[in-house]
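*Asks:*
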Amino acid sequence: MYSQAILTDARRDASERAARRFAVSGGATLRGGVAEGLDGEAVNRLAALSGGSAPTGAVLFAELDGDPVAAIGIFDGNAVADHTRSGPRMRVRLRLERLFVLSVIFVRGM
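Written as structure tokens, this is what we have:
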């Protein structure tokens, strides 16, 4: 009985640590968009900051306080970010979300 309680607590602690490890930074949100118009300007700004090529077409954004700080193209996989405002966890989460979206598109179609 006692060992079961310890095991349950250990599992809960491990689960909470894993959730924190892959959490997007406090106040950050993820959203989809198209690399045109205002979103296109944000993508180009991020590309200039990171020195990479801007993603095209459908894009996932990571935002802090409504301001895009990282973006990845859903289909081309090009990623750009403001490295001073986006951490590695946020960028990894964005890549994982891209893979999830691609898997849903593959299974269900577009």
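Final position of the sequence shown in this note's numbering is 107; the numbers increase by one with none missing. Just so you know, even glycine gets a beta-carbon here, dropped at the ideal spot from N, CA and C.
1) In three-state DSSP terms, what is Asp112?
2) Helix, strand or coil: which one does DSSP assign to Ala55?
3) With a threshold of 6 Å on Cβ separation, who are the neighbours of Arg18 within its own chain once the five nearest residues in sequence on each side are excluded?
4) I'd like to know whether the C-beta atoms of Asn75 and Ser100 end up nearer to each other than 7 Å.
5) Among the residues of its own chain, which have a CB less than 7 Å from the CB of Thr53, if the five just before and after it don't count?
6) Distance, Cα to Cα, Phe103 vs Ala25?
7) Kindly identify the DSSP beta-bridge partner or partners of Ile69.
8) How would you write the range of the alpha helix (DSSP H) that Ala45 sits in, first residue to last?
9) Determine the burial state of Arg95: buried for a count of at least 16 other Cβ atoms within 10 Å of its Cβ, exposed for fewer.
*Replies:* Straight from the coordinates:
1) Since the first residue of the chain shown is -2 and the last is 107, residue 112 is not available in this structure.
2) strand
3) At Arg18, the pLDDT of 41 sits below 50, so the modelled position is not reliable and the matter cannot be decided from this model.
4) With respect to Ser100, Asn75 sits apart: the two C-beta atoms are not nearer than 7 Å.
5) Ala32, Gly70, Asp73
6) Distance between the alpha carbons of Phe103 and Ala25: 27 Å.
7) Leu57, Ala76
8) Here the alpha helix (DSSP H) through Ala45 covers 34 to 47.
9) buried
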